[in-house]
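*Asks:* So that we are looking at the same thing, I have put the structure below in structure tokens.
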Amino acid sequence: MTKQFHDSVLSPDTLDQLFNEARSYNGWLDKDVSDEQIAAIYDLLKMAPTSANMQPVRIVWVKSADAKARLAKLVMEGNTEKVLSAPVTAIIGYDIDFHEELPWLFPHTDAKSWFEGDEEGRKEGAFRNSSLQGAYLMLAARAVGLDVGPMSGFDNEAVDAEFFGDNSRHKSNFICSIGYGDTESIFDRSPRPDFGTFNTIV
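Heads up, the final residue of the sequence shown is numbered 202 in full-length UniProt numbering, and it's a clean run with no missing numbers.
What follows is the structure, given as structure tokens:
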């Protein structure tokens, strides 16, 4: 059992790329992120688990100068330049009516019926699982050689109206800039607690 565990562990370099040496960036190098790279990120994150494979995440990839300017007006002042300078910023949202897709996403049983008539339950599930998918997005971006800068300082209702306006059932969760991070834009890593600080094995 121990040998099998060790055989499956990622290399130290890969773990550094995904976790140990990875940082959240505030500034970006002037290097483009291609549509192919964006698609590669999605193709990885969609493979990660969600409850009943509900796949509630809905992402708008803000890449054009016009779209960046529109988004930059809706974030807090400290995030404005982060959005404008990043090659792309993903608006990670979720679909309150994700259950409508369950007949083909989770065909093993009538999962759609689990969520019908329970909008508050759907909102909770969609928010939780889109948060998970947003985290997978960040790992996927790092896995394909990019850096990330997640943010929550923005006007959710205004972003929803501007970027999800054609579907009022889609709501924004958080945003995340993606590109090639400028090391001059970050400070020393903040402390991380040891296992025993916040963990209990029972």
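We put the beta carbon where it would ideally sit given N, CA and C, even for glycine.
1. List the residues that DSSP assigns as beta-bridge partners of Gly149.
2. Can you grab the Cα-Cα spacing for the pair Gln37 / Val202, in whole Å?
3. Anyone know if the C-beta pair for Arg58 and Glu162 falls short of 8 Å?
4. Could you give the DSSP three-state label for His170: helix, strand or coil?
5. For the alpha helix (DSSP H) that Tyr136 lies in, which residues bound it at each end?
6. Rounded to a whole number of angstroms, what is the C-alpha to C-alpha distance between Asp147 and Asn20?
7. Can you check DSSP and say which residues form a bridge with Ile59?
8. Who are the Cβ neighbours of Lys31 in its own chain at under 6 Å, not counting the five residues just before and after it?
9. Pick out whichever of Met138, Met151, Thr197, Asp155 has its Cα sitting closest to the Cα of Glu44.
10. What does Phe154 pair with, by DSSP beta-bridge criteria?
11. Suppose you measure from the CA of Arg189 to the CA of Thr200; what does that come to, to the nearest Å?
12. Can the beta-carbon of Ser177 be found closer than 8 Å to that of Thr89?
13. Asp66 and Arg169 look like a contact to me (Cβ under 8 Å); what is the Cβ gap, rounded to whole Å?
14. Spatial neighbours of Gln55 within its chain, please: CB distance less than 6 Å, with the 5 preceding and 5 following residues excluded, ordered by chain position.
*Replies:* According to the structure shown:
1. When beta bridges are read from the DSSP output, Gly149 appears opposite Ser177.
2. Going from the Cα of Gln37 to the Cα of Val202 covers about 42 Å.
3. At least 8 Å separates the beta-carbon of Arg58 from that of Glu162.
4. Three-state DSSP puts His170 in a strand.
5. Counting along the chain, the alpha helix (DSSP H) containing Tyr136 begins and ends at 119-143.
6. Cα to Cα, the separation comes out at about 13 Å.
7. Beta-bridge annotation (DSSP): Ile59 is paired with Ile92.
8. If you ignore the 5 residues before and after Lys31, its C-beta comes within less than 6 Å of the C-beta of Tyr180, all in its own chain and listed in chain order.
9. Looking at the sequence itself, residue 44 is Leu, so the reference to Glu does not match. When each option's Cα is compared against that of Leu44, the closest is Met138.
10. Phe154 pairs with Val75.
11. Their Cα atoms are separated by approximately 25 Å.
12. Yes.
13. Under the criterion of beta carbons closer than 8 Å, Asp66 and Arg169 do not qualify as touching, at roughly 25 Å.
14. Once the five neighbours on either side are set aside, the close Cβ partners of Gln55 are Leu105.
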